[in-house]
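What follows is a set of notes on a single structure, which appears directly below.
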Amino acid sequence: MTQPGSGTRPDDARRHNRAVLLRRLHVEGPCTRATLAGELGLNRSTIKAVVDGLAEAGVVTEAVPAQRSGAGRPSLLVLPDPQAAVVLAVDIRVEQVALAMVGIGGQILGRHSWNLHRTTRLPGEVITHLAESAALLRDELGVAEQAVGVSVPGVVRRSDGFVHEAPNLGWRDVELGARLAAVLARPVQVANDAEAGALAEHLRGIGRDVADMVYLSADVGVGGGVVSGGQPLRGTGGYVGELGHLMVRPDGRECFCGSHGCWETEVGEPALCRALGLPEDTPRGVLVAELRDLAVVQGRADRLLEGYAGWMTAGLVTVVNMLAPELVVLGDLFGALPPSVVERIGSELRRRSLVSRAAGGTRLAVSPLGRDGALVGAAEIAFEPVLAAV
Numbered sequence: 077m078t079q080p081g082s083g084t085r086p087d088d089a090r091r092h093n094r095a096v097l098l099r100r101l102h103v104e105g106p107c108t109r110a111t112l113a114g115e116l117g118l119n120r121s122t123i124k125a126v127v128d129g130l131a132e133a134g135v136v137t138e139a140v141p142a143q144r145s146g147a148g149r150p151s152l153l154v155l156p157d158p159q160a161a162v163v164l165a166v167d168i169r170v171e172q173v174a175l176a177m178v179g180i181g182g183q184i185l186g187r188h189s190w191n192l193h194r195t196t197r198l199p200g201e202v203i204t205h206l207a208e209s210a211a212l213l214r215d216e217l218g219v220a221e222q223a224v225g226v227s228v229p230g231v232v233r234r235s236d237g238f239v240h241e242a243p244n245l246g247w248r249d250v251e252l253g254a255r256l257a258a259v260l261a262r263p264v265q266v267a268n269d270a271e272a273g274a275l276a277e278h279l280r281g282i283g284r285d286v287a288d289m290v291y292l293s294a295d296v297g298v299g300g301g302v303v304s305g306g307q308p309l310r311g312t313g314g315y316v317g318e319l320g321h322l323m324v325r326p327d328g329r330e331c332f333c334g335s336h337g338c339w340e341t342e343v344g345e346p347a348l349c350r351a352l353g354l355p356e357d358t359p360r361g362v363l364v365a366e367l368r369d370l371a372v373v374q375g376r377a378d379r380l381l382e383g384y385a386g387w388m389t390a391g392l393v394t395v396v397n398m399l400a401p402e403l404v405v406l407g408d409l410f411g412a413l414p415p416s417v418v419e420r421i422g423s424e425l426r427r428r429s430l431v432s433r434a435a436g437g438t439r440l441a442v443s444p445l446g447r448d449g450a451l452v453g454a455a456e457i458a459f460e461p462v463l464a465a466v
C-alpha cells in the first residue's frame, strides 16, 4: 500500500502518489492504469487524476499496446516520455571515463567516452573534460540534464561526494561532488562504483527480484556492492563496498591501499593477467579476447585458472558467510570469466560456505549489463531525487 498516512495534507499526498507512480513506470516499464491501481494500492480515481496530471505536463503518454490479446477495446498503456526528465550518468574508471544522457525509463539517449592515461587522471583534468563532454552531449541531443550521478572506484562519502581515496586513480581527498556541481551547475551525487553496479543489477539486471545480493566487479581493483532487504547497504557515511581489501593472504603482494595480501591482489586484473601468462599491463581488449578463446577449449580454462579460481572462492566464502546473500553477481571483468570457471567457483562456494549450505545455496551469476553496470547505476542514483520532483 503506497497511500501516505491519514494526517498527510492533500498536496503532499498528490506529490507522493505522483512520485511513486512515476518511479514504478521508470523501473518496471509501461503498464495499464488498472495494473498501476493494483500494484500501488491506489483507487482508480486517484490513478486517473495522477496519470492525467502527468500527461498534461508531458511526462507520460498513453498508447495502444503493440501486441493485443482478446476481443474488445484494448487497455491503453501508460508510457513515460524519456525526455521529460533526463540525468547525466558518469562512470570514472582507472583507464576510461564514460558518460551518458539517460531519460526516464532508463533509455540511453546519447553517450561519450575517452581513455585515461597517467597524465590525464588528475582530478582537475577529469572534471574539465567531463564538463566539455557534457556540453557536447547537450548540444547533440538538444536536451539538458536535471541532475548528475557519478561512479568512482574509491572510498566515497555519499553525503557530499567527497572522495577520500581512490588508490588505483591516485586520488586522495578530492571534493569531487562539490567541484562537479560548481562546474556543471547541477545537483551531483557520487557513489562507489560497486555500489552503483549493485543498484543497477537490483533495478535493471539479474537481481531485480532479489532482496539480498552482493555485486562484485573487477577493473584494476575489486569492489563490492551490497543490497540488503531490498535497499542498498551504505553504512556510516556511505563507506561500504571495499571487499577487494579483505585480507586473504597475509604474506601476499603489496596492494595499492598500502596493505599486503588483499583479495584484489589475487583476483584483480593484474592477477588475472598473471594467471594467463600475460604481462600485467596487457590491454583490456586483449585480455578479454584471451578469456573468450579459453572458453572454447574444453578443460584448458579450468587448468590455467585453477589457482585464480581458488582465490576467488576463498574471498567469496568469507563474503557469503558474513552477508548471507541469495545471489552473488559477477560484473565487469569478472563477467568475462569462462563459464566453466564460474560454474566451478559457484560449486566450491556452495560446498565450502556454511551460510550458503544452511540457506540452501547461494546463486552465483554473471551480470547481463557488462561494462555498463556502474554507468546504469550512476543514472539511477541521479534519478532518485529527480523522480520525486518531476
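Residue 291 in this note's numbering sits at position 215 of the sequence shown, with consecutive numbering throughout. Here a beta-carbon is modelled for each residue, glycine too, at the ideal position from N, C-alpha and C.
Proximity to residue i [Cα-Cα], best of the options
{"i": "A89", "options": "A174, V126, L213, A207", "result": "V126"}
{"i": "R99", "options": "D87, N119, V136, R120", "result": "V136"}
{"i": "L430", "options": "L260, L392, P444, R214", "result": "L392"}
{"i": "G218", "options": "R85, A160, D87", "result": "A160"}
{"i": "A454", "options": "L322, P415, V173", "result": "V173"}
{"i": "G437", "options": "H92, V170, R428", "result": "R428"}
{"i": "M289", "options": "C338, V170, L97, V442", "result": "V442"}
{"i": "G328", "options": "G320, G337, H321", "result": "G337"}
{"i": "E115", "options": "E132, N93, D357", "result": "N93"}
{"i": "A400", "options": "S235, M323, V286, G246", "result": "V286"}
{"i": "G129", "options": "R91, V166, S151, L118", "result": "R91"}
{"i": "G422", "options": "W190, L309, A390, P461", "result": "A390"}
{"i": "V324", "options": "R234, W339, L192", "result": "W339"}
{"i": "L319", "options": "L175, R85, V395, V163", "result": "V395"}
{"i": "R439", "options": "Y291, L354, D236, G334", "result": "Y291"}
{"i": "A165", "options": "E104, A223, A133, R214", "result": "A223"}
{"i": "L198", "options": "L212, S189, D236, V250", "result": "V250"}
{"i": "V462", "options": "W190, G225, A211", "result": "G225"}
Own chain partners of residue i with C-beta closer than 6 Å, once the 5 adjacent residues on each side are dropped
{"i": "G317", "result": "N268, A270, E271, G299, G300, G301"}
{"i": "W387", "result": "E342, V343"}
{"i": "E241", "result": "G230, V231, R248"}
{"i": "L101", "result": "P156"}
{"i": "L185", "result": "M177, G179, L217"}
{"i": "V303", "result": "A274, H278, M289"}
{"i": "E330", "result": "H336"}
Coarse secondary structure for residue i, derived from DSSP in three states
{"i": "G129", "result": "helix"}
{"i": "C349", "result": "helix"}
{"i": "I184", "result": "strand"}
{"i": "D327", "result": "coil"}
{"i": "N191", "result": "strand"}
{"i": "D157", "result": "coil"}
{"i": "M77", "result": "Note that M77 scores 43 on pLDDT, short of 50, meaning its location in the model is unreliable; the coordinates nonetheless yield the value given after this. In this structure, M77 counts as coil in the three-state DSSP scheme."}
{"i": "G179", "result": "strand"}
{"i": "E138", "result": "strand"}
{"i": "D357", "result": "coil"}
{"i": "T108", "result": "strand"}
{"i": "V462", "result": "helix"}
{"i": "A89", "result": "helix"}
{"i": "R169", "result": "coil"}
{"i": "A435", "result": "coil"}
{"i": "V452", "result": "helix"}
{"i": "V442", "result": "strand"}
{"i": "L164", "result": "strand"}
{"i": "S429", "result": "coil"}
Own chain, CB closer than 8 Å to residue i, minus 5 neighbours either side, in chain order
{"i": "L409", "result": "S293, A294, D295, E345, L348, R360, L363, V364"}
{"i": "A371", "result": "A377, P414, P415, S416"}
Sequence-distant residues of the same chain with beta carbon closer than 7 Å to residue i, five excluded per side
{"i": "P106", "result": "L153, V154, L155"}
{"i": "A113", "result": "N119, R120, I123"}
{"i": "A139", "result": "L152, L153, L155"}
{"i": "G383", "result": "A351"}
Which ranges would you report for the alpha helix (DSSP H) in the region 195 to 239 if only whole runs of at least 4 residues count?
The qualifying runs are 199 to 217.
Count the C-beta pairs between the region 279 to 294 and the region 243 to 263 that are closer than 8 Å, then say yes if the count reaches three, no if not.
Too few Cβ pairs lie closer than 8 Å, so no.
I'd like the ranges of any beta strand (DSSP E) spanning at least 3 consecutive residues and lying wholly in the region 242 to 322.
Taken in chain order, the complete beta strand (DSSP E) segments of 3 or more residues contained in the region 242 to 322 are 247 to 250, 264 to 268, 289 to 294, 298 to 304.
Give, in chain order, every unbroken run of the beta strand (DSSP E) that is at least 3 residues long and sits entirely within the region 388 to 423.
Listed in chain order, the complete beta strand (DSSP E) runs (minimum 3 residues) inside the region 388 to 423 are 403 to 408.
At least 3 beta-carbon pairs within less than 8 Å: the region 217 to 234 vs the region 175 to 189
Contact holds: three or more Cβ-Cβ distances are below 8 Å.
The region 228 to 242 contacting the region 206 to 217, beta-carbon criterion three pairs below 8 Å:
No, they do not touch.
Count the CB pairs spanning the region 388 to 405 and the region 248 to 259 that are closer than 8 Å, and state whether there are at least three.
A contact between stretches requires three or more CB pairs, one per stretch, nearer than 8 Å, and the region 388 to 405 fails this requirement with the region 248 to 259.
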